[in-house]
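The next block holds one structure in the form of structure tokens; read it before the comments.
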Amino acid sequence: MARQIFRRTLMSMTATLVLSLASTGLASAAALVIGSYPSNPPFEYKNASGTFEGFEVDIATEVAKRLGMTVDISDLGFQALFAATASKRIDVAISSITITKERLGSQSFTQAYYDADMGVATRREAKIATLEDLKGKVVGVLAGSTGDKWAKDNKAKYGISDIKSYNAQQDMLMDLSSGRADAAVSDVPGMEYAFLKMKDLAVKVRIKTGEQYGLMMTKDHPLLIKANDAITAMKKDGTLAAIHKKWFGTDPAAGSASAVEQPLPKP
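Sequential numbering from 1 applies to the sequence shown in full-length UniProt numbering.
Structural data, given as structure tokens:
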């Protein structure tokens, strides 16, 4: 009898352990793993407690919620995001990542949810007002960004003397403020947000690019279509407009990617 009681107890303990491990696996599987560059306000940044906040953080969190998932956000450098999605270390990357044909060769994107231009920023007193004024100047860019590509593609055309590459936008802007760079080429929204505090800097020239941001995901990720459908629903029910107003202080422009359903990007 004692042997039978021991066997039943052992079987019960084993079953409990299996169920516990299974539930742990399910909890892990229910997290949408997100990589984010931590210094890109208002799109994403870490607050004083070390928690991620921002426009795209809210979008990705709402998408995960509509998929019945939680979020697990990792702190990664901008350039590292591309390797992380390609290697399937993360499911999604957020960091105002522009949808491009080149990137669609190795990544997948949801539909766009934000339209953005690039800009040339300088110190307020600098005599730079046109792209032609970049002749002989040192230009800072964020490594791997579309600003980086634009500067390299246009270095000869505008006579840029040198391109300085940075891993963090804050470092780039600090060098610009201190005079170690003459100008910086980056996305206008992020720079203008930073300049609310860095009042010695200003965007002097806008570069119309037709750039749009979306969630970057592992190539052909099984959740791509569901995530895209969630963004469509968020545009239709006003959720995305509310997130836009929270972070930019305005409703999204009529007809913009923040307001209107966009096609799923194709390579």
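In this text, a Cβ means the ideal position worked out from N, Cα and C, and glycines have one as well.
Bear in mind that the values here come from a model prediction, so they are computed numbers and not experimental data.
Under 9 Å, do residue i and residue j count as touching if we go by C-beta distance?
i           : j           : result
residue 212 : residue 64  : no
residue 52  : residue 73  : yes
residue 140 : residue 204 : no
residue 264 : residue 110 : yes
residue 201 : residue 177 : yes
residue 191 : residue 86  : no
residue 32  : residue 91  : yes
residue 163 : residue 155 : yes
residue 226 : residue 67  : yes
residue 209 : residue 150 : yes
residue 220 : residue 108 : yes
residue 161 : residue 136 : yes
Using alpha carbons as the reference points, say which of the options lies closest to residue i.
i           : options            : result
residue 70  : 189, 58, 123, 77   : 58
residue 146 : 130, 173, 78       : 78
residue 197 : 42, 62, 37, 32     : 42
residue 267 : 50, 48, 44, 100    : 100
residue 124 : 103, 195, 218, 151 : 195
residue 179 : 84, 32, 47, 126    : 126
residue 89  : 75, 98, 144        : 75
residue 261 : 246, 144, 113, 160 : 113
residue 189 : 249, 254, 49       : 249
residue 187 : 243, 48, 144, 80   : 144
residue 233 : 247, 255, 259      : 259
Rounded to the nearest angstrom, how far is the Cβ of residue i from that of residue j, given a contact under 8 Å?
i           : j           : result
residue 39  : residue 170 : 5 Å
residue 184 : residue 174 : In fact, because the Cβ distance is near 10 Å, the residues do not count as touching under 8 Å.
residue 94  : residue 34  : 6 Å
residue 138 : residue 168 : The Cβ separation is near 18 Å, so there is no contact.
Is residue i near the ligand MN, with its Cβ less than 8 Å from a heavy atom?
i           : result
residue 224 : Among the components modelled here there is no ligand, and therefore nothing to report on the ligand MN.
Taking only runs of the alpha helix (DSSP H) that begin and end inside the stretch 81 to 127, which ones reach a length of at least 4 residues, in chain order?
-> Here the runs fully enclosed are 101 to 104.
Can you check the stretch 156 to 182 for any alpha helix (DSSP H) of at least 4 residues that lies completely inside it and give the ranges in chain order?
-> 169 to 178
Segment contact flag, the stretch 118 to 136 with the stretch 232 to 246, C-beta cutoff 8 Å, min 3 pairs = no
Which runs of the beta strand (DSSP E) spanning at least 3 residues fall entirely within the stretch 217 to 247, listed in chain order?
-> none
So, do the stretch 216 to 231 and the stretch 87 to 105 have three or more beta carbon pairs nearer to each other than 8 Å?
-> At 8 Å Cβ cutoff, the stretches touch.
Of all the alpha helix (DSSP H) runs that stay within the bounds of the stretch 37 to 89, which reach a length of 4 or more residues?
-> Along the length of the stretch 37 to 89, whole alpha helix (DSSP H) runs at least 4 residues long occupy 55 to 66, 78 to 86, reported in chain order.
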